[in-house]
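**Q** Once you've had a glance at the structure underneath, I'll fire off some questions.
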Amino acid sequence: MKMMKKAASLALASALVVSLAACGSNGGNGGSDNSGSTGSDTFMIGGIGPTTGDNALYGTAVMNGIQLAVDEINEAGGINGYQISYKFEDDQSDPEKSVNAYNTLKDWGMQMLVGTVTSAPCVAVVEETHADNMFQFTPSATSVESIQYDNAFRMCFSDPSQGSVSADYIADNSLASKVAIIYNSSDTYSTGIYQSFATEAQARGLEIVSAEAYTADSNSDFSVQIQKAKDAGAELVFLPIYYSDASLILAQADRAGFDPIWFGVDGMDGILGVDGFDKTLAEGVMFLTPFTPTSDDEAVQKFVASYEDEFGSTPIQFAADAYDCMYVLKEAIEQADITPDMSISDMCDAMKTAMTQVTYDGVTGKQISWGEDGEPSKEPTVVQITNGEYTVL
Amino acid sequence: MLKKLKTMKKTTRSSMITYAIVIVAFIVMQALTYTGNLSSLLQGLLVPLCTYVILAVSLNLVVGILGELSLGHAGFMCVGAFSSAFFSKCMRDVITVAPLRFFLALLIGIAVAAVFGIIIGIPVLRLKGDYLAIVTLAFGEIIKNLVNVLFIGVDSNGFHFSTKDVMGLNMEADGTVIVNGPQGITGTPKDSTFLIGTILVLITLFIVINLTNSRDGRAIMAIRDNRIAAESIGINVTKYKLMAFTISAALAGAAGVLYAHNLSTLSANTNNFGYNMSISILVFVVLGGIGSIRGSMIAAVILTLLPELLRGFADYRMLIYAIVLILMMLFNWAPKAIEWREKYLSFGKRKKEAVK
């Protein structure tokens, strides 16, 4: 028994070493990326996001969005005449796994990263891309630290900008003076927006009469939060949360006889698609969004049509951001005249300047440009739901 | 040397082999790294592997040696991670020597985790079996949720605390937020290295193996085997239980410190500090063999590597991972499998003795 145990552990250990060595040599083959160039004639673009786990919806949307853009670009002759290879890795929205996914992509020979999808993993990964000086472009990570280095840019609005833009919009249009907030305190996205909203609201003279939190573990019963907002006499309730929770809040508020103005952010996009949700409840809901699938814009309609063809569902904002990301990359690469045989670091340096020079018209906004800090400057649109449709205000 | 190895006591020889495995693994990995043969994925995984090995070995102390089922191990890891990351972030500009800063952070993480171990251990260890498991599970969740409502900022007037939001901190304009509730701590210096990780693994092994083979360790195992008999010969049950539990918590704290200083962002969610993590650590211990230090070490390494090596299967990898878990469990523990192994895999040496 003892002997067998020893032998077994020896066998296991040696199996492990062999498997490690195997990976090592794998890395050796694709690992010429360390020296910078893959020597091939394609651009190697990697993507990272959750395709399994709680946030799989967002990761899958981004994966599909990039795929669609890559296919279109490749069909039209590629970038500067070079085709794109694209690979997407799952990170389950976990920082640790995200770094693993990043390293896997590096072994594959990635030259530029589109990702990550969610904020916290992005903060961890940006540390790695900064160390490797690899260009990173996130479609949807909203927290400030997600792009804290000069090699990282983003396509979406940051948390602070969403919060303060919302507060400004409410104050400018004098929608209300007494505001209640219901937010998800276990979510970085939600708390980030809440904090900047509250700061800006104070500066703009909006009175926050109640700010109630819930967590991911208690997101089924909102009666307490709704009752508090109602008792405090709120005229407008700000919901910096995702649509699935928001749909419950709307339904429960209706039962409690509470009918204020509802104001959301981009996470509210998709509320009309919730199964079993009475769409009349969402009547009059306003939210900030860079993308509406029902927009009359030609580019948007073309994108929505081909996305539906390809993947059989209406694209959400994440898919649109990802789709735009890929086209922005194309413009910047063309601007800087980058070729796939350049080293990763040279590419990144060229991209840093090129990104600040491009102006882009896409499905999530027109005339988008980037500053050196990596933040996009684009006009947010406020959308209101009328007659079960999104209408741009 | 070989002769000496043979004349050694069985337990000493066994623990020497365990240390040797770690050292050899370290040397092989370092050699591969320096010759540029190690993939980026594995280079990135080296520190997490050390973290999980420490966690598995430390939980084995409670589950295998003390014989109590604890489902809140990630909670102690969480405490260690957050306290040390808090320290490192505050001291980032004050202490610029990374190893020194990490060493101090490590001491703080271990101390805080040990204190929590004692605080939680005193009431919890009065329970046993299923009740203990449920209460430890709850404590793990409490720690995670407490961290998620904690806001700490610092400005010219000193530290500010709040359990509501950042505005509740009432800081001056120059203040910086250090712990930002659910967003946790961002910007922890990346001080963990594979060398530090390996040293910590060796220290953990040294502590656990020596404790197991000491007088105290035998007392702890006596409690596991028969509590009443142990009490009747004058063993202080509470003291030894608490001792094992606290050491285990402190080691988990060390793993947390390693974890926190490997990523620049630290937030407490179910996957890293909640019950998911506690269960994964328990899986390492159970699959490696309850009570077998070397086994849990190897299981931790294999099970951490597996999902990453299975990336080629895309979305099916977690499914395959689960199937592999079940197969490993059957191979390790099913009576028929044990019989088969003994018959065919005894490697021709010494037919089985009556062990166990």
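As you go down the protein sequences, you meet chains A and R in turn. First residue of the first sequence: 1, per my numbering; consecutive thereafter. First residue of the second sequence: 1001, per my numbering; consecutive thereafter. Even glycine gets a Cβ: it sits at the ideal position worked out from N, Cα and C.
Could you check which residue in A:Y102, A:K279, A:Q111, A:N80 has the C-alpha nearest to that of C122 of chain A?
**A** Selected option, being the one with the closest Cα: A:Y102.
**Q** Find the nearest neighbour of M1221 of chain R within the set R:L1061, R:L1205, R:V1022, R:L1055, judged by alpha-carbon distance.
**A** Comparing Cα positions, the closest option is R:L1061.
**Q** My output table needs one value for R154 of chain A: the three-state DSSP class, helix, strand or coil.
**A** Looking at R154 of chain A - three-state DSSP - the assignment turns out to be strand.
**Q** Would DSSP call F222 of chain A helix, strand or coil?
**A** Here F222 of chain A sits in coil by DSSP.
**Q** Do the CB positions of L1032 of chain R and L1038 of chain R come within less than 7 Å of each other?
**A** Cβ atoms of L1032 of chain R and L1038 of chain R: closer than 7 Å.
**Q** What residue range does the beta strand (DSSP E) around T391 of chain A cover?
**A** Note, T391 of chain A: beta strand (DSSP E), 389-392.
**Q** Should K378 of chain A go down as buried or exposed, given a rule of 16 or more other Cβ atoms within 10 Å for buried?
**A** Buried.
**Q** Taking the continuous beta strand (DSSP E) assigned at I368 of chain A, which residues delimit it?
**A** Taken as a continuous stretch (DSSP letters only), the beta strand (DSSP E) holding I368 of chain A covers 365-370.
**Q** Please go through the segment 1118-1196 of chain R and give each complete beta strand (DSSP E) segment of 3 or more residues, from N-terminal end onward.
**A** Entirely contained in the segment 1118-1196 of chain R, the beta strand (DSSP E) runs reaching 3 residues are, in chain order, 1151-1155, 1158-1162, 1176-1180.
**Q** Check whether chain A comes within 7 Å of R1013 of chain R, counting only Cβ atoms and requiring the distance to be less than that.
**A** So, not an interface residue.
**Q** Which residues bound the beta strand (DSSP E) around K87 of chain A?
**A** Note, K87 of chain A: beta strand (DSSP E), 83-90.
**Q** Report yes or no: do three or more beta-carbon pairs, one from the segment 318-326 of chain A and one from the segment 59-72 of chain A, lie closer than 8 Å?
**A** Output reads yes: the segment 59-72 of chain A touches the segment 318-326 of chain A.
**Q** State yes or no: is the C-beta of L281 of chain A within less than 7 Å of the C-beta of P260 of chain A?
**A** No, they are not a contact pair.
**Q** Using 10 angstroms around the beta-carbon of Y1344 of chain R, count the other beta-carbons present and answer buried if the total reaches 16, otherwise exposed.
**A** By the 10 Å Cβ count, Y1344 of chain R comes out exposed.
**Q** Whose CA, out of A:D221, A:D132, A:Y183, A:S190, lies closest to the CA of P160 of chain A?
**A** Taking only the C-alpha atoms, the option nearest P160 of chain A is A:S190.
**Q** For a test of the three-state rule: what should DSSP assign to F197 of chain A, helix, strand or coil?
**A** Looking at F197 of chain A - three-state DSSP - the assignment turns out to be helix.
**Q** What does a CB cutoff of less than 7 Å around S119 of chain A pick up in its chain, not counting 5 residues either side in sequence?
**A** These residues qualify, in order along the chain: A141, T142, S143, S146, T188, Y189.
**Q** Relative to chain A, which residues along the segment 1145-1162 of chain R have a C-beta separation below 8 Å, given in chain order?
**A** Answer in chain order: N1145, N1148, V1149.
**Q** Our contact map puts L1310 of chain R next to Y1321 of chain R with C-beta atoms below 8 Å; I'd like the distance itself, whole angstroms only.
**A** So it is a contact: roughly 6 Å between Cβ atoms.
**Q** Of the residues that make up the segment 94-116 of chain A, which ones have a beta carbon closer than 7 Å to any beta carbon in chain R?
**A** Answer in chain order: D94, P95, E96, V99, N100, N103, T104, K106, D107.
**Q** I need the straight-line Cα distance from V392 of chain A to A234 of chain A, nearest angstrom please.
**A** Using only the alpha carbons, I get a separation of about 25 Å.
**Q** Could you tell me which residues DSSP pairs with P376 of chain A in its beta bridges?
**A** DSSP lists A:W370 as partners of P376 of chain A.
**Q** For F1245 of chain R and I1235 of chain R, I'd like the C-alpha separation in whole angstroms.
**A** The alpha-carbon atoms of F1245 of chain R and I1235 of chain R are separated by roughly 16 Å.
**Q** Can you confirm whether R1311 of chain R, when its beta carbon is compared against all beta carbons of chain A, has any partner nearer than 7 Å?
**A** Interface residue, yes.
**Q** Given that G192 of chain A touches chain R, what residues does it touch there, using C-beta distances under 8 Å?
**A** What G192 of chain A touches in chain R: Q1183.
**Q** F238 of chain A by DSSP, collapsed to three states: which one?
**A** F238 of chain A: strand per DSSP, three-state reduction.
**Q** Would you say T188 of chain A lies against chain R (beta-carbon separation less than 7 Å)?
**A** Judged by the 7 Å Cβ criterion, T188 of chain A is in contact with chain R.
**Q** Are the beta-carbon atoms of P330 of chain A and I45 of chain A separated by less than 7 Å?
**A** Per the sequence shown, residue 330 of chain A should be read as Lys rather than Pro. For K330 of chain A and I45 of chain A, no; Cβs fall outside 7 Å.
**Q** Mind listing the chain R neighbours of I198 of chain A? Cutoff is C-beta to C-beta under 7 Å, in chain order.
**A** The question names Ile, yet the displayed sequence has Ala at residue 198 of chain A. Near A198 of chain A (Cβ distances below 7 Å), the residues of chain R are M1167.
**Q** When DSSP labels each residue in this structure, what does V117 of chain A get in the three-state scheme?
**A** In the structure shown, V117 of chain A sits in coil (DSSP, three-state: anything other than H, G, I, E or B).
**Q** Under the assumption that I1290 of chain R contacts G1129 of chain R (Cβ atoms under 8 Å), give the Cβ distance between them as a whole number of angstroms.
**A** About 15 Å; that fails the 8 Å criterion.
**Q** Name, please, each residue of chain R whose Cβ falls closer than 7 Å to the Cβ of V123 of chain A.
**A** Neighbours of V123 of chain A on chain R, chain order: T1186, S1264, T1265.
**Q** For N1236 of chain R and chain B, any beta-carbon pair shorter than 7 Å?
**A** Structure shown: chain B not included; protein chains present are A and R.
**Q** Closer than 8 Å, Cβ to any Cβ of chain A: which residues of the segment 1035-1051 of chain R, in chain order?
**A** Cβ contacts with chain A: G1036, N1037, L1038, S1039, S1040, L1041, L1042, Q1043, G1044, L1045, P1048.
**Q** Thinking just about the alpha-carbon of each residue, which of A:A180, A:F311, A:T215 is nearest to the one in D231 of chain A?
**A** Checking every option, the nearest Cα to that of D231 of chain A belongs to A:A180.
**Q** CA-CA distance, G109 of chain A and T1265 of chain R?
**A** Answer to the nearest angstrom: the Cα atoms are 25 Å apart.
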